[in-house]
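Residue numbers (the working numbering): 11 to 269.
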Amino acid sequence: MKLPQNKFLAALRAGEKQLGLWSSLSDGYAAEVVAHAGYDWVLLDMEHAPSDMKSVLGQLQAFSGSETTALVRPDWNDAVKVKRLMDLGAPGLLFPMVQTPEEARAAVAACRYPPRGVRGVAGLNRANHFGRIEDYYAEVENQTAILIQLETRAAVENAAAFAEVEGIDGIFFGPADIGADMGHLGQTMHPEIWEVIRPAAKLLMDKGIPVGTLVTDPDFAAELLNDGFTFVACGTDAGLLARGADALHAAMRDKISKT
11 MKLPQNKFLA ALRAGEKQLG LWSSLSDGYA AEVVAHAGYD WVLLDMEHAP SDMKSVLGQL
71 QAFSGSETTA LVRPDWNDAV KVKRLMDLGA PGLLFPMVQT PEEARAAVAA CRYPPRGVRG
131 VAGLNRANHF GRIEDYYAEV ENQTAILIQL ETRAAVENAA AFAEVEGIDG IFFGPADIGA
191 DMGHLGQTMH PEIWEVIRPA AKLLMDKGIP VGTLVTDPDF AAELLNDGFT FVACGTDAGL
251 LARGADALHA AMRDKISKT
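If you want it as structure tokens, here you go:
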């Protein structure tokens, strides 16, 4: 048995646009609801969602039978947690709040076995189909997407330095935290935020680095993809549930007689 190709990573390398969805409901059953919706990728969040290793496992299992690549965002650049996520078979990781090239290199090292990294070696785990994938040790480095997230103005302004870090497959901009750092808390669509992000994104694009983000405005998400962003999430599962519930409630209230 051979290690399967990481479709999301192959698409990034080919410059193909990848439409994603954020998943923060932290449940395998909820994951299965959206697994066959047709998104190219989904992000299983451990930073701002109550996911733990067990719930991430259930979500990865839910997506394993779909065409959607399930990436994971750990809550921190923690080599021990990364080791465990890799053993679970996470096909890619998004590292939050990366501030320096040194932190980016640490993220890469956490995903790689020695001597190129610091990942601990386990013989039998879900990632290697419990020892059945013969080329796992040789190929996992080539089939794991390593993404870093820039979330402050200083990190964004230093984007060129991150482009030089070997092993980074894509750079993700977090408009909510960048906006907060700029004094625009809760205003992710504020023009000043995107006046900072878009030139940095263009610089990375020109260097051949795939660029991504999360926005919940479908029109703006499409604009970014059409403007050179490679991987963009256009919504969240929790947001879809909340807005759908609100809309249905409002529609029903309008239909019910007041007398």
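Glycine included, C-beta positions come from ideal geometry on N, C-alpha and C.
As computed with DSSP, Leu-81 is found in a beta bridge with Leu-53. Taking Leu-214 as the centre and dropping the five residues before and after it, the same chain places the C-beta of Ala-169, Ala-173, Ile-181, Val-221 closer than 7 Å to its C-beta, in chain order. Distance between Ala-255 and Val-44, taken at the CA atoms: about 16 Å. Across the set Leu-98, Pro-60, Glu-57, the C-alpha of Leu-98 shows the shortest separation from the C-alpha of Ser-74.
In the DSSP annotation of this structure, Ile-158 is not part of any alpha helix (DSSP H); the continuous beta strand (DSSP E) holding it starts and ends at 155-160.
Counting along the chain, Gln-69 sits inside the alpha helix (DSSP H) bounded by residues 63-73.
By alpha-carbon distance to Gln-159, the top candidate from Phe-183, Ala-171, Trp-51, Ala-210 is Phe-183. Membership of Val-221 in the beta strand (DSSP E) is indicated by the continuous run 221-224.
Counting the other CB atoms within 10 Å of its CB gives Phe-239 a total of 16 or more, which places it among the buried residues.
Contact annotation: the stretch 100-111 does not touch the stretch 139-150, with fewer than three C-beta pairs closer than 8 Å. Cβ neighbours of Gln-71 within its own chain (closer than 7 Å, five residues either side excluded): Gly-38. Around the beta carbon of Leu-195, fewer than 16 other beta carbons lie within 10 angstroms, which makes this residue exposed. Where Phe-230 is concerned, the enclosing alpha helix (DSSP H) starts and stops at 228-236.
Gly-38 sits in a helix when the DSSP states are folded into three classes. The criterion of a C-beta distance shorter than 8 Å is not satisfied by Gly-193 and Ile-203. Scanning its chain for C-beta atoms nearer than 6 Å, with the 5 sequence neighbours on each side dropped, one finds around Ala-21 the residues Gln-28, in chain order. In the DSSP annotation of this structure, Ala-47 is not part of any beta strand (DSSP E), being labelled neither H nor E.
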